[in-house]
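Student: Structure below; questions to follow.
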Amino acid sequence: MVRLLASRPLRALPADEPRRGAGRLMLRSAFLALALMAGAAVAQTSNPADAPGGEDPSVLPAGNGQEEVFYACTACHSTAIIRRSAFPRAQWDGLMDWMTEKHGMNPLEGEERKLIVDYLAQHFGPRTAPARGRNPFLN
Ligand code: HEC
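Numbering (the working numbering), first residue to last: 4 to 142.
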């Protein structure tokens, strides 16, 4: 009994402690790094409703350019991101370049661009209705 106790190196415990602590710390920072990477991966579409897919053109208001906008704009995100926007025409026009330069959208030129920007400006222009009169669930 005495031999058993004596054979157990008493100093082993304190010596082990820091190593165990370091291991836990490394695990924790690895987890943190993973969490950060996962966060970065979803940052592009932080809102699940913004993810592309599962829609058809009828989610956009009917009108000239409805289909063109739908097919030009839903490869990377849903129409939700468009439907909640309200920009004057010049800003929509600028957004087309931003989407091309920053996010690799195929450049929109000529008639197609005009059709698309006109549609966006007409249906998603600055809102003039007073905020209190609006149904927040429709926008
Ligand atoms: C090649 C991919 C791609 C295509 C195609 C694309 N977009 Fe985008 N768009 C993005 C990305 C990426 C973002 C940033 C997403 C975010 O912030 O969550 C974005 C953001 C937006 C925003 C939000 C801008 C803001 O600052 O509020 C609007 C509005 C928008 N897009 C409209 C459009 C319209 C309209 C079209 C079609 C003409 C289009 N997008 C086509 C990639 C694309």
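All C-beta atoms, glycine included, are put in the ideal place defined by N, C-alpha and C. Here the structure is a predicted model, which means the values were calculated and not measured.
Check whether the Cβ atoms of residue 55 and residue 89 sit closer than 8 Å, and answer yes or no.
Tutor: no
Student: Since residue 99 contacts residue 120 with CB under 8 Å, what's their CB separation in whole angstroms?
Tutor: For residue 99 against residue 120, the beta-carbon gap comes to about 7 Å, under 8 Å, which counts as contact.
Student: According to DSSP, simplified to helix, strand and coil, what is residue 126?
Tutor: helix
Student: Would you say the beta carbon of residue 198 is closer than 7 Å to some non-hydrogen atom of the ligand HEC?
Tutor: Nothing about residue 198 can be reported from this structure: the residues present for the chain run from 4 to 142 only.
Student: Could you name the residues of the same chain whose beta carbon sits closer than 7 Å to that of residue 53, not counting the 5 residues immediately before and after it, in chain order?
Tutor: Correct list, in chain order: 80, 81, 83 and 84.
Student: What residue range is occupied by the uninterrupted alpha helix (DSSP H) comprising residue 103?
Tutor: Its alpha helix (DSSP H) spans residues 92-106.
Student: Is the CB-CB distance between residue 149 and residue 66 below 8 Å?
Tutor: Only positions 4 to 142 of the chain appear in the structure, and residue 149 is not among them; the question remains open.
Student: For residue 69, I'd like the list of residues in its chain whose CB is within less than 6 Å of its CB, leaving aside the five on either flank, ordered along the chain.
Tutor: Answer for residue 69: 60 and 63, listed in chain order.
Student: Which residue wins for smallest C-alpha separation from residue 103, given the options 114, 75, 93 and 87?
Tutor: 75
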